[in-house]
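Engineer: Counting from 1, position 366 in the sequence shown corresponds to residue 366 in the UniProt record's numbering; the numbering is continuous, with no gaps.
For every residue, glycine included, the Cβ atom is placed at its ideal position computed from N, Cα and C.
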Amino acid sequence: MAAMPDAKSPLQPLSAHRAGPLSGRFATPGDKAVSHRALIAGALAVGRSRIEGLLVADDVLATANALRALGVAVDFDGTQCTVQGLGINGLLAPAAPLDFGNSGTGARLMLGLLAPFSFVSRLTGGPTLTRRPMQSLFDALAGMGMTVLESEAGHLPAAIEGPAIAVPIHYTMPEPSEQIKSALLLAGLAIPGTTTIIEPVPTPDHTERMLAAFGADIATSFDAAGAATIRLTGLPELRPRRVIVPGDPSSAAYAIVAALIVPGSDLVVENVLINSNRTGLIDTLLDMGGDIAFTNQREAGGEHVADLRVRSSRLRGVRVPAEHAGAMLDDIPALAIAAAYADGSTAIEGIAALREQECDRLAAMAAGLVANGVECLEGRDQLLVKGAGGVPGGGSVDTHHDHRIAMSFLVLGFASKAPVTIDDARPIAASFPDFVAAMTAAGANILAA
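(1) Does the distance from the CB of Ser431 to the CB of His401 come in under 7 Å?
(2) Starting from Glu199, trace the beta strand (DSSP E) in both directions and tell me its first and last residue.
(3) Can the beta-carbon of Val120 be found closer than 7 Å to that of Val257?
(4) Start and end of the beta strand (DSSP E) containing Ser15?
(5) By the 10 Å Cβ neighbour count, where 16 or more other Cβ atoms means buried, how is Val436 classified, buried or exposed?
(6) Roughly how many angstroms lie between the CA atoms of residue 453 and Arg37, to the nearest whole one?
(7) Straight-line CA distance for Ala43 to Gly101?
(8) Since I believe Leu22 is in contact with Ala444 (beta carbons under 8 Å), could you give me their beta-carbon distance rounded to a whole number of angstroms?
(9) Taking all protein chains shown into account, decide if His170 is buried (16 or more other Cβ within 10 angstroms of its Cβ) or exposed.
(10) Would you call the stretch 292 to 304 in contact with the stretch 60 to 80, where contact means no fewer than 3 C-beta pairs closer than 8 Å?
(11) Considering just the uninterrupted stretch of the alpha helix (DSSP H) at Asn65, what are its terminal residues?
(12) Have a look at the DSSP bridge pairing and note the partners of Thr233.
(13) In this structure, what does DSSP give as the bridge partners for Val305?
(14) Please determine, among Leu235, Pro200 and Leu232, the residue with the shortest C-alpha to C-alpha distance to Ala225.
(15) Among the residues of its own chain, which have a CB less than 6 Å from the CB of Arg311, if the five just before and after it don't count?
(16) What's the C-alpha gap between Arg314 and His155?
(17) Considering only DSSP beta bridges, list what Arg319 is partnered with.
(18) Where do the ends of the beta strand (DSSP E) carrying Glu208 lie?
(19) What number of angstroms, rounded off, separates the C-alpha of Arg319 from the C-alpha of Thr203?
(20) Alpha carbon to alpha carbon, how far is Thr279 from Ile337? Give it in angstroms, no decimals.
(21) For Asp99 and Leu113, what's the separation of their Cα atoms in angstroms?
(22) Would the stretch 45 to 58 count as touching the stretch 233 to 240 if we require 3 or more Cβ pairs under 8 Å?
(23) DSSP on Thr147, reduced to helix/strand/coil?
(24) Distance check for Ala159 and Ala41, CA to CA, integer angstroms please.
(25) Which two residues bound the contiguous beta strand (DSSP E) that contains Asp77?
(26) Could you pull the start and end residues of the alpha helix (DSSP H) that Ser251 belongs to?
(27) Residues in the same chain with beta-carbon distance under 7 Å from Leu260, minus the five sequence neighbours each way, listed in chain order, please.
(28) Going by alpha carbons, who is nearest to Asp103 out of Ala57, Val374 and Pro263?
(29) Quick check on this structure: which residue in Ala441, Ala429 and Val420 has the alpha carbon closest to the alpha carbon of Ala448?
(30) Between the C-alpha atoms of Leu111 and Leu329, what's the straight-line distance to the nearest angstrom?
(31) Please list the terminal residues of the continuous alpha helix (DSSP H) segment that includes Ile40.
(32) Name, in chain order, the residues that DSSP records as bridge partners for His170.
(33) Does the ligand NAD have even one heavy atom less than 6 Å from the beta-carbon of Thr63?
(34) Taking a contact to mean a Cβ-Cβ separation below 7 Å, would you say Ile218 touches Glu208 in this structure?
(35) DSSP state of Arg361, grouped into three classes?
(36) Rounded C-beta distance between Glu349 and Pro321? I'm assuming under 8 Å.
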């Protein structure tokens, strides 16, 4: 099992150099969102579940370690994992704070999972996680009876305690948040009665799919306006099962964009999750003129999966409205790289939430593009990238300890005239530890700086 890197270890600067055509087959790592949820569902089932294709990266390992601290046996064999579940009410009080590193997903899901339990739980994390706001989630879980005993202005570290008797809620999401919705659903599992969540704007349904696969009584309906109503009956007996984790489209994004911008490329990106709520980047790249073909479509782990054949393309600038950009926030850095190589301007709107992720991603993207000769304008909640069909390169990028910034700007260098350097490759381990090896195998040129 991989270990989390030591935050005190030396920086690992890398340079991406202009590459020849990318070709062959690119193995997409397991989906991070599905991996977190498979571990948690397995922990709440009664018996032994087997998870195949799990993403073995820092963020997912943090969730596995937290579950171990709650009494769950989690064992790894490469990307295969077994989880000995304790049942809905079988979790034990943690003896020490649960450290989620820089995993916002893991921390938010586990806050929901622990909210109904009457013992005290302490959660903490690394420097980028502790700057991310949690107050909206605290407020939502308070409706079920959870109390925040300690927190610094709505951030981690925090101590929480569940009520003597938790109550189900009928909750309308004030703004789209897949993680808050999922946290409420996980809390609802341990509460008698029906938890109801209304999403005026539906978000990815990985949690609903995973819980249903393990035997939860959960159903979603939609009204004429497209709003989703999710109803979950508490205290089910979840059944252990085998889960096959599909490939992560947000990790596949780097290979897809790289193949589009590197001349002569013809690359098959394998095993990509194509859940309709996760294909925003692919849809946008198609609108930009990207040559992306869906092949070998199938199902894995209850999700739709395909291999993508991606060939180099002449991209054109597009407008990405807020409703589309907001549904693919994790993929905006990769989209900005594609926009830099497009002909004409690409306007990406409604992305203020990027300022509250692992770093201020909006500012980091703009700074990195400018450093490499790409003209762009950064607004409060938008980014305008003025593509000119090519990128001068030659700049150095501060990753701000952010894995997506690091990988995106390495991709920028695969087709730029001069190399692009990032200050530190260590954050990549959060979601894609084998990124450099996988891209190099496809033909990319990445060197120590």
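Structural biologist: Well, looking at it:
(1) no
(2) Thr194 to Glu199
(3) no
(4) Leu14 to His17
(5) buried
(6) For residue 453 there is no data in the structure shown, the boundaries of the chain being 1 and 449.
(7) 20 Å
(8) 7 Å
(9) exposed
(10) no
(11) Asp58 to Ala69
(12) Thr194
(13) Leu273 and Arg298
(14) Pro200
(15) Asp266 and Asp291
(16) 44 Å
(17) Ala347
(18) From DSSP, Glu208 is part of no beta strand (DSSP E) but of the alpha helix (DSSP H) over His206 to Ala213.
(19) 22 Å
(20) 17 Å
(21) 15 Å
(22) yes
(23) strand
(24) 23 Å
(25) Ala73 to Asp77
(26) Pro249 to Ile261
(27) Leu285, Gly290, Val310, Ser312, Ser313, Leu315 and Ala338
(28) For the sequence presented, residue 103 should be read as Ser rather than Asp. Comparing Cα positions, the closest option is Ala57.
(29) Val420
(30) 22 Å
(31) Lys32 to Leu44
(32) Thr196
(33) Questions concerning the ligand NAD fall outside what the structure shown contains, since it holds no ligand whatsoever.
(34) yes
(35) helix
(36) 6 Å
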